[in-house]
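Just so you know, the protein sequences line up as chains A and B, in that order. Numbered continuously in this note's numbering, the first sequence closes out at residue 123. Numbered continuously in this note's numbering, the second sequence closes out at residue 118. Backbone N, C-alpha and C fix where the C-beta goes; we use that ideal spot for every residue, glycine too. To start, the structure itself, in structure tokens.
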Amino acid sequence: AQTVTQSQPEMSVQEAETVTLSCTYDTSESNYYLFWYKQPPSRQMILVIRQEAYKQQNATENRFSVNFQKAAKSFSLKISDSQLGDTAMYFCAFVLASGTYKYIFGTGTRLKVLA
Amino acid sequence: DTEVTQTPKHLVMGMTNKKSLKCEQHMGHRAMYWYKQKAKKPPELMFVYSYEKLSINESVPSRFSPECPNSSLLNLHLHALQPEDSALYLCASSHDLRGGLSYEQYFGPGTRLTVT
């Protein structure tokens, strides 16, 4: 069975600073996808960034980038130039490419950006 | 259009009531999902429909009854709920993961359900 672990329940960062959220996962499969989702307080869950396991290049989306270490089964999210609007719960998620449709979510990291 | 809509936004119901939650997407996605989310917790998968057929039921109590009338619509019928069923109910959709188009889920804003 696949598992996703987020070991940091809460983090805080000063505005304009950089913060890294960690995520590790466990699977015996080789073809899968990884995601970071953001859920602001009382607001909608939105996709931040995605990574295909077969791609060695780390994904980037503006201020968001990942460090994908397939052998270590690690998928951390780096937020650069943190903004107040980045305050949210961040979930790491995993799904097999085989079409099982079971997205596995980590327990989440609550990030607070301080002014 | 990358929007998933859900109605109603809020719902308060008694334990003997029957109500329905509605979800709609127009992205051509063929997989649709219902999740239950408690405060400060990750979403818990309840049901998955693939090509309008129920493909996953995560041992959800029968007081929750899903329905997928067509490829754009997903309903969740509620009957005789318990107070512990109070939660945020999220709908999501995605392409067929085997199709190679894309594989991320798009979430709706959720229905906040309170059972009294």
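| Asked | Found |
| --- | --- |
| Taking C-alpha atoms, which residue in A:P49, A:F72, A:Q14, A:T26 lies nearest to Y33 (chain A)? | A:Q14 |
| For L42 (chain A), write down the residues that DSSP places opposite it in a beta bridge. | A:Q59, A:F102 |
| What separation, rounded to the nearest whole angstrom, lies between the Cα atoms of Q91 (chain A) and A123 (chain A)? | 9 Å |
| Beta-carbon within less than 8 Å of M15 (chain B)'s beta-carbon, same chain only, minus the 5 sequence neighbours each way: which residues are those? | K21, L80, L83, L115, T116, V117, T118 |
| Could you say if the segment 87 to 103 of chain A and the segment 40 to 52 of chain A meet the contact criterion of at least three C-beta pairs nearer than 8 Å? | yes |
| Given a threshold of 16 other Cβ atoms within 10 Å of its Cβ, counted over all protein chains shown, does M53 (chain A) qualify as buried or as exposed? | buried |
| If you run the structure through DSSP and keep just helix, strand and coil, what is L13 (chain B)? | strand |
| Using a threshold of 7 Å, state whether the C-beta atoms of Q10 (chain A) and T35 (chain A) are closer than that. | yes |
| Report yes or no: is there a C-beta of chain B within less than 7 Å of the C-beta of L29 (chain A)? | no |
| Taking K40 (chain B) as the reference, give the member of B:V62, B:G110, B:D87 with the closest Cα. | B:D87 |
| With a 10 Å radius around its C-beta and 16 neighbouring C-beta atoms as the bar for buried, classify K55 (chain B) as buried or exposed. | exposed |
| Is there at least one Cβ from chain A nearer than 7 Å to A33 (chain B)'s Cβ? | yes |
| Restricting to Cα atoms, I'd like to know which of B:Q107, B:C25, B:M17 is closest to T9 (chain B). | B:C25 |
| With T11 (chain A) as the anchor, note down where its beta strand (DSSP E) starts and where it stops. | 11 to 13 |
| Compare the C-alpha of T113 (chain B) against each of B:S61, B:Y105, B:C70, B:Y91 and name the closest. | B:Y91 |
| Can you name the start and end residues of the beta strand (DSSP E) that A33 (chain B) belongs to? | 33 to 39 |
| Do we get a CB-CB distance below 7 Å when we pair E54 (chain B) with the residues of chain A? | no |
| For I57 (chain A) and A89 (chain B), what's the separation of their Cα atoms in angstroms? | 26 Å |
| Which residue wins for smallest C-alpha separation from L75 (chain B), given the options B:R100, B:N19, B:K43, B:G110? | B:G110 |
| Alpha carbons only, please: which of A:Q65, A:K78, A:D94, A:G107 is nearest the one belonging to L29 (chain A)? | A:D94 |
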